[in-house]
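Before any comments, here is the structure.
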Amino acid sequence: MARVLQICKIEENQIWLNGTVVFEQQQLTYAQFIKAAYKHYNLQYPKFNKMDRLCKLAFIAACILVENGVLLEGYASEEMAIVMANANSTLYTDSRHCDTIQSQEEYYPSPSIFVYTLPNITVGEISIRFKMKGETVFFVADEFDRAFMIDYAGSLLDDN
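Read in my numbering, the sequence shown has 626 at position 57, and its numbers run on one by one without any break.
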């Protein structure tokens, strides 16, 4: 049976870990806040600044969870999986990509934006950072379904 060990929530310029605010920077734009969090946690990942908004959020949350007790040691890289979900997939980046292809006169799709129109890239960046080679999945649903996520994780555990 799978169970939730920790929860990291990032919203409204706050980072919560297991119900406690662990980082807060009010009055900042998203870009300023996410950069401040990256620096605060002293994360070192060269590709971070190239990531889109969703990927940066997920990456920081994963780093906080891993470095605050969800230990990866003792598991082979093939034994680790990532299961993620949100309600809007990559909508923000999709709209940015759409802007690059709307105008026939200024048509120039950006590969660096396009790649982040795929939510699995978010999971992939975390897999690369933590050398996870097991199953990865990114679900999109209107509402977060905690029971489904736990059941899905449990099925992965049952299948080793």
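Idealized CB from N, CA, C, for every residue including glycine.
Helix, strand or coil at E636 according to DSSP, with G and I counted as helix: helix
Starting from A710 and walking both ways along the alpha helix (DSSP H), at which residues does that stretch end? If you look at A710, you'll find it isn't in any alpha helix (DSSP H); DSSP assigns it neither H nor E.
N582 to L623 span [Cα, whole Å]: Rounded to the nearest whole angstrom, the CA to CA distance from N582 to L623 is 14 Å.
Report all residues from its chain with a CB closer than 7 Å to the CB of E704; omit the five preceding and five following residues, and keep chain order. Hits under 7 Å: A650, L725.
Cα separation between R718 and E674? What sits at residue 718 in the sequence shown is Met, not Arg. When rounded, the distance between both Cα atoms is 45 Å.
Close beta carbons around S658, own chain, < 7 Å, minus the five adjacent residues each side: Non-local C-beta neighbours of S658 in its own chain, meaning closer than 7 Å and more than five positions away in sequence, comprise P688, V709, ordered along the chain.
Comparing C-alpha positions only, which one of N611, Q596, I633, V573 sits nearest to I579? I633
Note the first and the last residue of the continuous alpha helix (DSSP H) segment covering I670. 660-671
Specify the secondary structure class of M653 as computed by DSSP and reduced to three states. strand
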